[in-house]
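Sequences listed follow chains L and E, in order. Following our numbering, the numbering of the first sequence begins with 29 at its first residue and continues without gaps. Following our numbering, the numbering of the second sequence begins with 29 at its first residue and continues without gaps. Heads up, the thing below is written out as structure tokens.
2 protein chains.
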Amino acid sequence: MSGMSIGQVARRCGLAPSAIRYYERIGLLPRPIRVSRQRRYTAEVIGRVRLVQIAREAGFTIAETRAFIGGFSATTPPAARWRTLAERKLAEIETQMERLRRMRQLLEYGSSCRCLSVDDCARVMGSSDPCPPLRPRGGSGGQSD
Amino acid sequence: MSGMSIGQVARRCGLAPSAIRYYERIGLLPRPIRVSRQRRYTAEVIGRVRLVQIAREAGFTIAETRAFIGGFSATTPPAARWRTLAERKLAEIETQMERLRRMRQLLEYGSSCRCLSVDDCARVMGSSDPCPPLRPRGGSGGQSD
DNA sequence: ATACGGGTTAAAGTGCGCTTTAAGTCAAGG
DNA sequence: CCTTGACTTAAAGCGCACTTTAACCCGTAT
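In structure tokens:
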């Protein structure tokens with residue numbers, strides 16, 4: 029037992045072996061030692077893969093993830109490069125969270141919406157306040173469409 | 029002035045004309061009338077495109093966006109179909125927001141982190157609490173990689 | 001008249017993040 | 001010995017959301 033095979037690592041991490049190889053190719057994972065041409069991993073790699081997964085799930089691209097991991101891999105200190113990247117990404121995260129909040133509002137609102145059309149809803153969303161709480165609307169007077 | 033050209037709509041919405049055509053092809057936008065083979069849009073389309081943009085920016089796929097818009101297009105009422113979709117998506121949004129929060133924590137934490145390696149950080153993230161507030165670590169003892 | 005700046009189409013291309021395929025290597029087991 | 005099953009590689013394929021390309025049409029200005 030000189031370490032895990034790629035298949036074992038893959039199963040442990042819930043990934044396909046091909047994904048592990050891919051991550052290796054693009055530099056997200058270190059090239060492991062080999063025993064008769066086959067990759068042999070130490071337990072360490074699990075943490076590494078998990079880190080990649082956290083980053084990917086959070087919406088980091090492969091390039092970002094690489095910068096992220098490569099940025100302070102091993103014994104490298106937190107580096108300014110990393111800090112910059114982090115700040116950029118934090119801003120993006122805020123933006124994305126704001127978008128999600130807006131969409132959530134639209135969705136939640138949608139369930140109780142009285143707008144005659146989605147387009148009306150969009151207008152409402154576009155303006156600052158969510159659909160005017162139950163605007164009085166008779167069933168018959170529309171003509172803008 | 030019998031309506032806007034595709035180029036005008038595109039410019040107003042900050043999209044390429046090709047995107048507008050694409051949206052039309054896949055059914056996100058209605059086929060507009062034509063004047064000598066060229067598309068002519070009424071102002072209405074702007075709201076529609078904006079709606080698409082909101083949805084797309086919030087992370088809806090094209091298919092979702094189509095269901096979303098088609099779901100209560102024009103004079104169609106909020107429909108149960110839409111409600112179901114919305115609930116599914118709301119759950120996804122919560123998940124995604126949680127991920128973003130976790131990543132934000134990791135990033136914010138990263139700036140003040142004393143872990144010797146990213147992998148340590150990952151372990152810490154994996155456990156429930158963020159890096160033990162400033163674990164005592166001398167500046168010179170790394171060797172894990 | 002002709003050139004120009006739009007518009008039109010179908011089809012192919014792009015970038016991302018992998019997966020799939022084809023062809024081959026290798027250790028163990030019947 | 002030969003099969004089995006997991007591994008190896010490079011290269012091609014896929015789904016998404018568009019963009020780009022190539023070849024064409026068309027109204028207006030010079």
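Built from N, CA and C at the ideal position, the CB exists for glycine as well.
Query	Result
Residue nearest to Ile54 (chain E) in terms of C-alpha spacing, selected from E:Tyr69, E:Thr70 and E:Thr89	E:Thr89
Cβ shell of Ala47 (chain E) (< 8 Å), same chain only, five flanking positions each side left out	Ala38
Collapsed DSSP secondary structure at Ile54 (chain E) in the structure displayed	coil
Straight-line Cα distance separating Leu135 (chain L) from Pro60 (chain E)	28 Å
Own chain partners of Leu57 (chain E) with C-beta closer than 8 Å, once the 5 adjacent residues on each side are dropped	Ile48, Tyr51, Val73, Arg76, Val77 and Val80
Alpha-carbon spacing of Gly35 (chain L) relative to Ile82 (chain L), whole angstroms	21 Å
is_contact[Ala114 (chain E), chain L] using C-beta, thresh 7 Å	yes
Arg59 (chain E) - containing beta strand (DSSP E), residue span	Looking at the DSSP string, Arg59 (chain E) is not in any beta strand (DSSP E), and its letter there is neither H nor E.
Thr70 (chain L) burial status per 10 Å Cβ neighbour count (16 or more: buried)	exposed
Cβ-based neighbour list, Ala44 (chain E), same chain, cut-off 7 Å, excluding 5 preceding and 5 following	Ala38
Among L:Cys41, L:Arg116, L:Gly42 and L:Arg67, nearest to Ser30 (chain L) - alpha-carbon criterion	L:Arg67
Gly75 (chain L), enclosing alpha helix (DSSP H) - first and last residue	Glu72 to Glu85
Residues sharing a beta bridge with Met32 (chain L), DSSP	L:Tyr69
Backbone CA spacing between Glu115 (chain L) and Ala95 (chain L) [nearest angstrom]	13 Å
From E:Glu126, E:Gln124, E:Glu92 and E:Ser33, residue whose alpha carbon lies closest to that of Arg111 (chain E)	E:Glu92
Cut-off 7 Å between Cβ atoms - residues of its own chain near Arg84 (chain L), not counting five sequence neighbours on either side	Thr93
Interface residues of the segment 35 to 54 of chain E facing chain L [CB-CB below 8 Å]	none
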